[in-house]
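Each number in my numbering corresponds to the 1-based position in the sequence shown with 1050 added.
Ideal placement from N, C-alpha and C gives every residue a C-beta, glycine not left out.
Below is one structure, written out as structure tokens; the observations come after it.
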Amino acid sequence: MTDGGRQVAVFGASGGIGAALVAALAARDDIAVVHAGARRPIAATAKVRPFTFDYGDEPGVAQACEALARSGPLDMVLVATGQLTLPDGSGPEKSVRGLRGAALAQQFAVNTIGPALVMAQIPTLLPRDRRGVFAVLSARVGSISDNRLGGWHGYRAAKAALNMLLRGLAIELARSHPQAVAAALHPGTVDTLLSAPFQRGVKPEKLFTPAYSATAMLDVLERLQPADTGKLWAWDGAEIPF
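Structure representation (structure tokens):
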């Protein structure tokens, strides 16, 4: 912790939810520095310190985390990256007959492997002598037990794998960082480019602004205790079974 307050980092700071998380954190009096990571530098402010990273550059992700570690232990690390529609514009599969290896690889690259590269560095980023928080954006559709509709197979599988990695990280952190909390977060249906093609039929009161979702998730994280680690939590504080 710096003399003026807590230090936090957000990976994916240029996305809809990521940018909202950066803004909400920077507005808090107890936050001194927000390290905001994106593929391209974002604007710096009095509190926001930009850095760059690219999931396609594994050594570069490690180097970015090493630079963050040199600034001192981080009180919170958030991974706000994700992909639903693929770069070629195709959406998630409606049937298993639509499964393709290349599409699955792209889903896992962004939704699972990328965040895992950050997870690998978390033990060196969080403090050992006080509470520290690591959280990743997951999704309710990544819950195996909650899957009653099928479809969206690649995205569901990638998020389910992310949830498993999060659980494993939480088990390890409990040994070395007993006050740490590792959590997966379901942000709800948020009005961003990611969800835009899939908002038809969503009730207005269930379509959240990025600012609302970001604030709600941060409030959930503030309430979580070490006993709550390794789980998937919705924006309203409800636990979603894996």
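Query                                                                                                             : Result
Close Cβ partners of L1219 (< 6 Å) along its chain, the five nearest in sequence each way excluded                : M1169, A1232
Proximity below 9 Å, CB of R1181 to CB of A1234                                                                   : no
Distance CB(W1285)-CB(P1228) smaller than 9 Å                                                                     : no
At least 3 beta-carbon pairs within less than 8 Å: the region 1160-1179 vs the region 1127-1142                   : yes
Completely contained beta strand (DSSP E) runs for the region 1106-1171, where each covers 3 or more residues     : 1126-1129
Nearest-angstrom beta carbon gap, R1056 and A1082 [assumed within contact, 8 Å]                                   : 6 Å
Delimiting residues of the alpha helix (DSSP H) encompassing L1235                                                : L1235 -> not in any alpha helix (DSSP H); beta strand (DSSP E) instead, spanning 1231-1236.
Beta carbon proximity, G1148 to chain D, threshold 9 Å                                                            : The structure shown contains no chain D; it holds only a single protein chain.
Beta-carbon proximity of T1162 to K1209, cut-off 9 Å                                                              : yes
Reference T1259; option with closest CA among L1071, T1135, F1061                                                 : L1071
Alpha-carbon to alpha-carbon, R1190 and H1035                                                                     : Lying outside 1051 to 1292, the shown extent of the chain, residue 1035 is not represented and no answer is given.
Where Q1157 falls, given that 16 or more other Cβ within 10 Å makes a residue buried                              : buried
For G1087, the first and last residue of its enclosing alpha helix (DSSP H)                                       : Not the alpha helix (DSSP H): G1087 falls in the beta strand (DSSP E), residues 1081-1088.
For M1051, three-class secondary structure by DSSP                                                                : Since pLDDT at M1051 reaches only 47, below the 50 mark, its modelled position is unreliable, and the value read off the structure follows with that caveat. Of the three classes helix, strand and coil, the one that applies to M1051 here is coil, per DSSP.
Close-in-space but distant-in-sequence residues of the same chain around A1207 (CB under 6 Å, 5 per side omitted) : none
Identity of the residues DSSP links to P1100 by a beta bridge                                                     : A1086
Whole-angstrom distance between I1172 and G1065, CA atom to CA atom                                               : 22 Å
K1281, enclosing alpha helix (DSSP H) - first and last residue                                                    : Not the alpha helix (DSSP H): K1281 falls in the beta strand (DSSP E), residues 1281-1284.
Rounded straight-line distance, which links the Cα of K1253 to that of G1122                                      : 44 Å
Backbone CA spacing between L1187 and A1155 [nearest angstrom]                                                    : 19 Å
Local Cβ density within 10 Å of K1144, reported as buried at 16 or more and exposed below that                    : exposed
Sequence-distant residues of the same chain with beta carbon closer than 6 Å to M1051, five excluded per side     : With a pLDDT of only 47 at M1051, under the threshold of 50, the placement of this residue in the model should not be trusted; the figure read from the coordinates follows. There are no such residues.
Closest residue to G1132 among G1110, G1068, A1153 (Cα-Cα distance)                                               : G1068
Status (buried if at least 16 other CB within 10 Å, exposed otherwise) for A1277                                  : exposed
F1101 to A1117 span [Cα, whole Å]                                                                                 : 9 Å
T1279 burial status per 10 Å Cβ neighbour count (16 or more: buried)                                              : buried
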